[in-house]
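So our numbering is basically just the index in the sequence shown, starting at one, shifted up by 52.
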Amino acid sequence: MTMNPAGEPLPKTYDPHQVEGRLYEWWERSGYFRATPDPARESFTIIMPPPNVTGELHLGHAMTAAIEDALTRYHRMKGDVSLYLPGTDHAGIATQVVVERQLAAEELTRHDIGREAFLKRIWEWVDKTGDTIDNQHRRLGASCDWERKTFTLDEGPARAVRTTFKNLYEAGLIYRGERMINWCVSCRTALSDLEVEHEEVQGNLYHIRYPYEDGSGYLTVATTRPETLLGDTAVAVNPSDERYAGAPGKRVRLPVLGRLIPVIADESVAMEFGTGALKITPGHDPNDFETGERHGLPVVNVLSPDGTLNEEAGPYAGFDRFDARKAIVAQLEREGLLENVEPHAHSVGHCQRSGDPVEPIVSTQWFVKIRPLAEPALAAVKDGRISIVPERFARVYENWMENIRDWCISRQLWWGHRIPVWYCGECGHQTVAVDEAQACEGCGSGEIQQDEDVLDTWFSSGLWTHSTLGWPERNADLEYFYPTSVMETGYDILFFWVARMIMMGMWNMGDVPFRTVYLHGLVRDEQGQKMSKTRGNVRDPLDAIAQYGTDALRFALTTGSTPGNDIRFSDDRLEAARNFANKLWNVGRFVIGQTEGQEGMEGWYGTPPREHRQDRWMLSRAQQTAVRVNDLIAEFQIGEAERVLHEFIWSDFADWYIELAKVRLRNGDDQPRRVLAHVLERVLRLLHPFMPFVTEEIWQRLTAVLPPEGNLPESIMIAPYPDPKARLSEEELQARREADAPASDEVELLIDLVRAIRNVRAEFKVAPQASLLALIVGNLPLVDALTGEVRVIQSLAGTNVIRFVEERDAGIAISQFSNTGFAFDDRGDVVHLVVRNITVVLKLMGSVDLGAERERLRGEAASVEKHVAGLEGRLNNSQFLDKAPVEVVERERERLESGRARLERITELLRDLGG
Ligand SMILES: [Zn+2]
Ligand SMILES: [Zn+2]
53 MTMNPAGEPL PKTYDPHQVE GRLYEWWERS GYFRATPDPA RESFTIIMPP
103 PNVTGELHLG HAMTAAIEDA LTRYHRMKGD VSLYLPGTDH AGIATQVVVE
153 RQLAAEELTR HDIGREAFLK RIWEWVDKTG DTIDNQHRRL GASCDWERKT
203 FTLDEGPARA VRTTFKNLYE AGLIYRGERM INWCVSCRTA LSDLEVEHEE
253 VQGNLYHIRY PYEDGSGYLT VATTRPETLL GDTAVAVNPS DERYAGAPGK
303 RVRLPVLGRL IPVIADESVA MEFGTGALKI TPGHDPNDFE TGERHGLPVV
353 NVLSPDGTLN EEAGPYAGFD RFDARKAIVA QLEREGLLEN VEPHAHSVGH
403 CQRSGDPVEP IVSTQWFVKI RPLAEPALAA VKDGRISIVP ERFARVYENW
453 MENIRDWCIS RQLWWGHRIP VWYCGECGHQ TVAVDEAQAC EGCGSGEIQQ
503 DEDVLDTWFS SGLWTHSTLG WPERNADLEY FYPTSVMETG YDILFFWVAR
553 MIMMGMWNMG DVPFRTVYLH GLVRDEQGQK MSKTRGNVRD PLDAIAQYGT
603 DALRFALTTG STPGNDIRFS DDRLEAARNF ANKLWNVGRF VIGQTEGQEG
653 MEGWYGTPPR EHRQDRWMLS RAQQTAVRVN DLIAEFQIGE AERVLHEFIW
703 SDFADWYIEL AKVRLRNGDD QPRRVLAHVL ERVLRLLHPF MPFVTEEIWQ
753 RLTAVLPPEG NLPESIMIAP YPDPKARLSE EELQARREAD APASDEVELL
803 IDLVRAIRNV RAEFKVAPQA SLLALIVGNL PLVDALTGEV RVIQSLAGTN
853 VIRFVEERDA GIAISQFSNT GFAFDDRGDV VHLVVRNITV VLKLMGSVDL
903 GAERERLRGE AASVEKHVAG LEGRLNNSQF LDKAPVEVVE RERERLESGR
953 ARLERITELL RDLGG
């Protein structure tokens with residue numbers, strides 16, 4: 053089936069909305085996205101990071117999909133069995149909070165309606181909104197195998213979760229215990245360390261006096277959370293602190309409550325912080341908890357789950373935590389126990405979800421004993437079985453994994469994978485089971501109760517690389533697609549998710565879950581700010597698509613980006629990307645117009661003509677571009693690959709080759725037609741993974757008007773990716789480059805010459821209709837080559853009289869040239885240009901106000917000098933050189949080079965103008 057029958061006229065402008073939905077629907081219906089194991093071929097697998105099932109697409113998703121889909125499409129075209137597996141996540145707290153908010157609008161809580169009814173409401177909402185994000189991914193052009201779409205709460209992944217839990221429990225790697233955890237008062241659940249965001253806040257340091265029991269004065273402690281003193285069970289000093297010699301062993305009276313607590317000596321106390329005496333609150337501080345364990349101190353928890361103080365708080369029981377702070381400070385002040393208060397900036401943990409300050413409390417929760425899982429996961433990155441792109445994140449990962457702490461996996465939520473543990477009312481035994489337990493494993497009693505809590509969402513997404521492929525079943529898919537190829541995600545979830553996938557994948561499968569971790573940067577706004585609803589700087593990808601088209605959005609999000617570095621996103625980028633799609637469309641229209649219905653197009657696919665220097669140059673450039681793009685994709689330099697293609701298409705192909713070819717076509721030379729068709733067809737394939745829609749649309753229309761050659765399939769997305777290295781050896785490629793080099797040099801000289809003359813026209817503000825007189829002086833082969841391109845120079849540089857002379861005749865020629873009958877006065881309206889090894893003498897024919905021009909050039913010189921000095925400063929700054937990414941340094945160097953060249957040029961111009 054051809055998408056566009058030949059003969060249908062090509063619309064003047066590219067309208068993405070006429071194209072995208074139609075093509076996507078056709079691709080999906082044709083089964084191009086499906087991946088079926090084929091042991092004779094390589095596999096390429098990307099598992100999509102599952103977005104929140106009830107979520108909406110944001111730019112981060114769009115960037116993820118743009119990169120993943122580009123890689124998938126590339127490998128599919130390379131002939132690999134390519135699987136892009138989509139899925140969604142139940143997203144524990146995030147989803148539950150939304151439905152609780154809906155309930156709150158009806159003045160209900162989940163407890164009012166009960167677990168069953170609450171879950172029913174969430175499921176109803178998931179059913180209503182659950183495919184929104186899938187359809188949004190379709191609009192992005194993501195070539196996912198939708199038949200394999202998986203939801204974390206599907207039966208397969210749920211079974212994988214329970215199986216993993218049971219296996220880890222039986223291996224002693226999951227335990228239930230009383231530990232310090234992070235508690236969110238507003239979500240009413242435990243959080244893992246990763247779900248807590250630390251923020252610097254301006255608070256106070258309160259200096260509080262604890263009187264000695266024996267009446268010998270007092271000890272002063274400093275704290276940022278005075279209300280926690282209610283839970284103090286000791287005061288600690290450093291044993292080497294002479295200020296407190298003799299204090300350890302004594303007891304002090306706890307303010308407010310009057311409880312007597314010991315003064316202890318502990319090496320961990322920092323003598324220089326505060327007063328050097330530290331209140332120890334094992335129930336509400338992770339370090340104090342550890343100190344308490346070392347000294348056998350009791351643990352007192354003064355906080356209720358809702359953030360009010362409990363009966364341990366004595367007179368303050370029932371107070372909200374923040375009210376209690378004020379009241380206690382007031383009481384201390386009244387009693388003369390508050391020595392002073394000083395402002396103090398310190399880091400406070402906040403719930404990632406609700407933004408509320410997190411309370412460290414001791415609580416009974418389920419934990420994963422992480423070290424035995426972390427060690428092999430650490431080794432896999434260290435020994436290169438998994439590589440992380442960019443590499444600098446490997447060190448971040450290693451450092452984190454070396455210091456990892458046990459993972460709290462129970463959440464006091466209802467939405468999620470319920471913990472598969474049943475407690476026996478008779479004997480107290482814990483039964484852990486994959487299937488619903490009916491009786492206690494210990495005593496056989498039916499009096500068992502399942503744990504009320506659910507598992508951390510990351511527990512199920514940690515299994516995602518294999519639970520989506522069927523694990524714990526050992527099937528053909530798992531065999532073929534695991535380990536997957538690339539895990540592509542934002543660097544911000546390296547620990548949340550990537551590290552856990554590695555640990556869980558290696559534990560369950562005995563092998564790494566993926567070969568490469570590709571971390572992209574965050575999408576920020578134009579000023580480099582994080583996008584957020586509160587800042588109001590969020591750009592909706594669907595609006596961007598409606599305005600600019602999907603290809604433009606994908607290209608804008610990824611082109612020029614480098615792995616791991618944030619990008620600044622703006623509508624300028626979108627506009628530039630849309631202009632590129634339009635440029636390509638115009639190129640397509642031109643080439644189709646030139647080839648449609650033409651005789652003699654045979655051979656366009658495999659054997660385009662290479663006799664003319666312009667054709668050789670173009671074919672050589674196209675081949676080098678293809679080599680470079682393949683190399684860049686292999687190094688995961690997606691953004692650079694796109695930039696290279698953009699430059700080739702826009703500059704080499706459209707601005708130069710097509711313009712050169714037009715001159716030849718006008719003069720009856722037919723050869724460029726086949727070259728145009730050949731290069732465009734390849735360029736479309738090269739660009740397809742990045743801009744899937746516009747390339748398919750042009751490709752369909754182009755191949756419909758050309759003789760069928762090359763055994764091309766019916767869609768570009770399953771056509772082979774151009775990869776010269778797959779057909780030719782390094783030596784053959786080198787030999788070809790060398791054979792094409794003379795022709796390429798000549799064309800590049802021609803281009804430089806035209807460009808130089810155009811620059812003079814622009815710089816001296818020569819009217820477009822005014823033509824120039826040019827004398828071109830050079831040695832023989834070059835002059836010969838340029839003589840052959842005289843029409844090009846006339847037409848593209850706007851010179852109507854051109855003379856060519858050899859170097860040895862230059863002197864006479866120039867003096868004759870000066871007397872060619874045109875007005876040549878002593879204002880010096882002759883400009884000498886040096887382009888590579890030729891000299892061009894241009895006569896401006898008196899049409900320029902040279903005085904004004906001199907003034908303008910002097911002004912420009914001053915500003916360029918300043919710019920150059922700034923760049924030199926930066927590039928001489930060793931700090932900048934150490935810290936900036938290589939690409940940035942490279943770009944700054946290029947800017948400096950071009951600034952210096954410009955300055956040199958201005959100096960020359962001023963000299964030509966006699967000043
Ligand atoms: Zn919270
Ligand atoms: Zn029992």
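Just so you know, even glycine gets a beta-carbon here, dropped at the ideal spot from N, CA and C. Keep in mind that this is a model prediction, so the values were computed, not measured.
Check                                                                                                 : Outcome
Within 9 Å, strictly: CB atoms of V812 and V806                                                       : no
C-alpha gap between A365 and L282, whole angstroms                                                    : 6 Å
Cutoff 8 Å; reference G112; Cβ partners in own chain excluding five residues on either side           : G542, L574 and V575
Assigned secondary structure, S537 (DSSP; H/G/I helix, E/B strand, else coil)                         : strand
Nearest residue (CA-CA) to I701, options R734, K714 and V715                                          : R734
E478: CB within 8 Å of a non-hydrogen atom of ligand 2                                                : yes
Residue burial classification, A169 (beta-carbon count within 10 angstroms, cutoff 16)                : exposed
For P409, the residue or residues it bridges with in DSSP                                             : H402
S512 versus R963, G830, P101 and D503, residue with shortest Cα-Cα distance                           : P101
Close Cβ partners of E859 (< 8 Å) along its chain, the five nearest in sequence each way excluded     : V829, G830 and N831
Rounded Cβ spacing between R926 and E944 (contact assumed at less than 8 Å)                           : 6 Å
V304 beta carbon less than 9 Å from that of Y258                                                      : no
Three-state secondary structure assigned by DSSP to V308                                              : coil
Residue ranges of each beta strand (DSSP E) within the segment 129 to 202, 3 or longer                : 133 to 137
Euclidean distance between Cα positions of A322 and V351                                              : 22 Å
Spatially closest choice to D318 from A297, R906 and T202, by CA coordinates                          : A297
G951 to M129 span [Cα, whole Å]                                                                       : 42 Å
For G830, the first and last residue of its enclosing alpha helix (DSSP H)                            : Element bounds for G830: not the alpha helix (DSSP H) but the beta strand (DSSP E), L824 to G830.
L465 beta carbon near ligand 1 (any heavy atom closer than 8 Å)                                       : no
Those residues which DSSP pairs with K32 across a bridge                                              : Residue 32 cannot be examined here, being either before or after the span of the chain that is shown, 53 to 967.
Closest residue to G494 among P338, D683, V486 and E478 (Cα-Cα distance)                              : E478
Any heavy atom of ligand 1 within less than 6 Å of residue CB: hits in chain order                    : C236, S238, C239, C403, R405, S406 and D408
Beta-carbon proximity of F85 to D197, cut-off 9 Å                                                     : yes
Cα-Cα separation, E800 to T747                                                                        : 28 Å
Span of the alpha helix (DSSP H), counted from its first residue to its last, around G557             : R552 to M561
As assigned by DSSP and simplified to three states, the class of T204                                 : coil
Coarse secondary structure for S462, derived from DSSP in three states                                : strand
Identity of the residues DSSP links to L515 by a beta bridge                                          : DSSP, once it has assigned bridges, lists no residue as partnering L515.
Length at least 3, wholly inside the segment 420 to 453: the beta strand (DSSP E) runs in chain order : 439 to 441
At least 3 beta-carbon pairs within less than 8 Å: the segment 762 to 779 vs the segment 118 to 129   : yes
Minimum C-alpha distance to I260 - residue among S195, K201 and E387                                  : E387
Burial state of V414 (16 or more Cβ within 10 Å)                                                      : buried
Helix, strand or coil at K895 according to DSSP, with G and I counted as helix                        : strand
Which of helix, strand or coil DSSP assigns to P263                                                   : strand
Closer than 8 Å: S497 CB and nearest ligand 2 heavy atom                                              : yes
Span of the alpha helix (DSSP H) around A299                                                          : Note, A299: premise wrong, no alpha helix (DSSP H); not H, not E.
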